[in-house]
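Per my numbering, residue 165 is the first one in the sequence shown, and the count goes up by one each step. Even glycine gets a Cβ: it sits at the ideal position worked out from N, Cα and C. Fair warning: this is a prediction, and the values are worked out from it, not measured in the lab.
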Amino acid sequence: MEKISRRSFLNKSAVLAGTAYPALMALGLMPAAPAHAFSLTGTGKQKHVVILGGGLAGMTAAYELNKLGYRTTILEARNRSGGRVFSVRKGSTNQEEGGPILTSNFDEGMYFNAGPSRIPHHHKLTLHYCRELGVPIEVYNNVNESTYYFSEGKGRLSNQKVRAREIHNDMRGYTSELLAKALDQDKLDMSMSKEDGAKVIEYLRAEGGLDIDKLYKASARRGYLEAPGAGEKSGKLADPHKLVDIIQSGLLDPDFYNVAEYTYELQMTMFQAVGGMDNIAKALEKKVSPSLKLGAEVKKVHNLPDGVRVIYKDKTGEHELLGDLCICTLPLPVLSNIDHNFSSPVSKAIDFVPYIQTGKIGLQFKRRFWEEDEHIFGGITHTNNDLTQIFYPSNGYLGKKGVLIGCYNFNDKAKRVGEMSMAEREKFALEKGSLIHPQYKQEFENSFSVSWHKTKYNMGGWAVYSSEDRKSHYPALLKPDKNVYFAGEHTTYLTAWMAGAFESARSVVTALHGRVTEQSVQYPTTTNKG
Ligand SMILES: Cc1cc2nc3c(=O)[nH]c(=O)nc-3n(C[C@H](O)[C@H](O)[C@H](O)COP(=O)(O)OP(=O)(O)OC[C@H]3O[C@@H](n4cnc5c(N)ncnc54)[C@H](O)[C@@H]3O)c2cc1C
165 MEKISRRSFL NKSAVLAGTA YPALMALGLM PAAPAHAFSL TGTGKQKHVV ILGGGLAGMT
225 AAYELNKLGY RTTILEARNR SGGRVFSVRK GSTNQEEGGP ILTSNFDEGM YFNAGPSRIP
285 HHHKLTLHYC RELGVPIEVY NNVNESTYYF SEGKGRLSNQ KVRAREIHND MRGYTSELLA
345 KALDQDKLDM SMSKEDGAKV IEYLRAEGGL DIDKLYKASA RRGYLEAPGA GEKSGKLADP
405 HKLVDIIQSG LLDPDFYNVA EYTYELQMTM FQAVGGMDNI AKALEKKVSP SLKLGAEVKK
465 VHNLPDGVRV IYKDKTGEHE LLGDLCICTL PLPVLSNIDH NFSSPVSKAI DFVPYIQTGK
525 IGLQFKRRFW EEDEHIFGGI THTNNDLTQI FYPSNGYLGK KGVLIGCYNF NDKAKRVGEM
585 SMAEREKFAL EKGSLIHPQY KQEFENSFSV SWHKTKYNMG GWAVYSSEDR KSHYPALLKP
645 DKNVYFAGEH TTYLTAWMAG AFESARSVVT ALHGRVTEQS VQYPTTTNKG
């Protein structure tokens, strides 16, 4: 057999287009490309790309363009980067329309994520950039059976907190019992063999926790009245809630649908950046800091025959910036009030795509009573009042102090809360929250709230497309308007997610680079299996 040296093996392998890389890897001579690495070829020849907005989309675009040999300038209106990726800490500021600049009084080390707080395990690019930028992540506990349902109303279970596990297991039990009975009595309008029917019934018994007679009765699944312990303490179970009480107490209303476990984006495992989601933005900022101008508010963006002209304002006055090309990541409600000369379809999309109204209120407490007294470690309590949700932190377990997201709401509920003054919001969150956690009264220290649809430089939570908008307005944003490209979560099917910002940045960099280098490249450039 012919002996083959490492060098000749390499030479031979290299000839086989596309096989050189695996061969080098096999010999341990080259590190494996990180999953989801962005592999464009050719150089940007120092072309100047002006990027509007220093959120994740803008900074990622600059980061990738810089790697390809472009010159980039990011104009960011705020004095911080990250845009919606905003972790409120001691000294963080925010300004809402017509209001003063507010400063957070949280203690050192305390924070809450006013924007993104969770990363789905299948958001590959978000996780890829955490890996590439060295941002450590930890599990975010999105689903917790120990949290509560609190329904204001007239039913027997209303106006009291009920553990989620009680309602989830009772409803699983009742629906399984109903279905098992219907199958037993051949009342289902479907043909099924006896053996198959028996299999389904056995499944329902397991799923619903039914007894041998296919009846739903008290079980440990829904928790204990008295927990088991040493000696004679065998544990005391409670009877299930009556189905009629669950229904009449509003606990089958949409506010309490148990969808988080099933929704693709919210299925566990979920993650968060250790120490605050803004660590992702901060890590990106480090990579692009020479390109980034903070405190630079874009006032005007105009296409020129062979480039772009941007006017921005900073604390020293108005300035003109010329570029060969531009990537605009400004949220549409903000862009709508900026002077531009875009085509009519783009202009219409900018003016008509709606954004969600949403807000969060962070509450700092001097004791983690939800953990100490109620054994709640992460997860979400649901209400049908304007609070909508209370998020318990998935970090700092067993610590002394903590920050809860005492309210995270949407649409009309967010609008009503957004119309309140900061002091009124705090009062509202404390009053409603103490119906569930009376400890609020003794343990509260201070609060900070963000109403995103009123927040300067965002004016909305995220784009909400109807299927009609996807047809009429969306396509205009996917093409460049002469020398201006559009990116940001609103240019994706991943609206409301950081992954949208990352995907859009890569998509636009691919298109722009293809134009500059006269190559035909499609995004995504890597296979995206799994
Ligand atoms: C309440 C809330 C919860 C969320 N939860 C999650 C979550 O759990 N997980 C997740 O992955 N995603 C979540 N998201 C979505 C995620 O935050 C966004 O999709 C993503 O951060 C958008 O990035 P972007 O770069 O497209 O936009 P932005 O972050 O909005 O960036 C745009 C930038 O433009 C700047 N700007 C605006 N006007 C001007 C101007 N005139 N001149 C210069 N600069 C300007 C802004 O200051 C901003 O920095 C959430 C968002 C919100 C609001």
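With respect to A460, L239 sits close: the two C-beta atoms are nearer than 8 Å.
Cα atoms of K463 and S245: separation of roughly 18 Å, rounded to the nearest angstrom. Between the beta-carbon of L415 and that of I540 there is about 19 Å, and that puts the pair past the 8 Å contact cut. DSSP places V423 outside both helix and strand once states are collapsed to three, so it counts as coil. In this structure the segment 526-541 lies against the segment 271-283, because at least three pairs of beta carbons, one per stretch, are closer than 8 Å. In this structure V452 is buried. Its beta-carbon is surrounded by 16 or more other beta-carbon atoms within 10 angstroms. Annotation: the continuous beta strand (DSSP E) that includes H466 extends over 461-468. Taking A513 as reference, the option from Q686, A402, H654 with the minimal CA-CA separation is H654. Rounded to whole angstroms, the separation of the alpha carbons of K406 and V326 is 13 Å. The beta carbon of S268 sits closer than 7 Å to the beta carbons of V252, R253, K254, G255, S256, F612 from its chain, once the five residues preceding and following it are set aside; these are given in chain order.
Bridge partners of G481 according to DSSP: D478.
Shown here, M335 sits in a helix according to DSSP, grouped into three states. Around the C-beta of E396, fewer than 16 other C-beta atoms lie within 10 Å, and the residue is accordingly described as exposed.
The residues L448, K451, V452, in chain order, have a CB closer than 7 Å to that of Y227 in the same chain once the five nearest residues on each side in sequence are set aside. When only Cα atoms are considered, K477 and H483 end up about 6 Å apart. The beta carbons of G373 and Y380 sit closer together than 8 Å. Positions of the beta strand (DSSP E) runs, each at least 3 residues long and wholly inside the segment 399-453, are given as 434-437 in order along the chain. If you keep only unbroken beta strand (DSSP E) runs of at least 3 residues inside the segment 244-317, you get 257-259, 265-267, 301-304, 312-314.
Taking every protein chain shown into account, the CB of H286 has fewer than 16 other CB atoms within 10 angstroms, so this residue is exposed. Straight across, the Cα-Cα distance linking Y421 with L599 is about 21 Å. Partner residues in the beta bridge of A627, as assigned by DSSP, are Y519.
In the three-state scheme derived from DSSP, where H, G and I count as helix and E and B as strand, G652 is classed as coil.
Under the DSSP assignment, N549 falls outside any beta strand (DSSP E); it carries neither an H nor an E label. The three-state secondary structure of N647, taken from DSSP, is coil. Distance from the C-beta of W626 to the nearest heavy atom of ligand 1 is below 7 Å. Remark: three or more beta-carbon pairs, one from each stretch, lie closer than 8 Å, so the segment 550-564 and the segment 296-313 are flagged as touching. Here S684 is exposed: its Cβ has fewer than 16 other Cβ atoms, across all protein chains shown, within 10 Å. Within the chosen limit of 7 Å, ligand 1 reaches the beta carbon of M662 through at least one heavy atom.
For K524, the distance from the CB to the nearest heavy atom of ligand 1 is below 7 Å.
Annotation: L642 is outside any beta strand (DSSP E) and is labelled neither H nor E by DSSP. In this structure T237 is in contact with L485, their Cβ atoms being roughly 6 Å apart against a cut-off of 8 Å. Judged by the Cβ position, W616 qualifies as a neighbour of ligand 1 at the 7 Å threshold, a heavy atom of the ligand being closer than this.
In terms of side-chain proximity, the C-beta atom of E590 is found no nearer than 7 Å to any non-hydrogen atom of ligand 1. Taking 7 Å as the cut-off, one finds at least one heavy atom of ligand 1 near enough to the beta carbon of E653. Nearest to V614 by alpha-carbon distance, out of S357, K231, E261, is E261. For the pair of segments examined, the segment 493-513 was found to touch the segment 638-656: the number of CB pairs separated by less than 8 Å reaches three.
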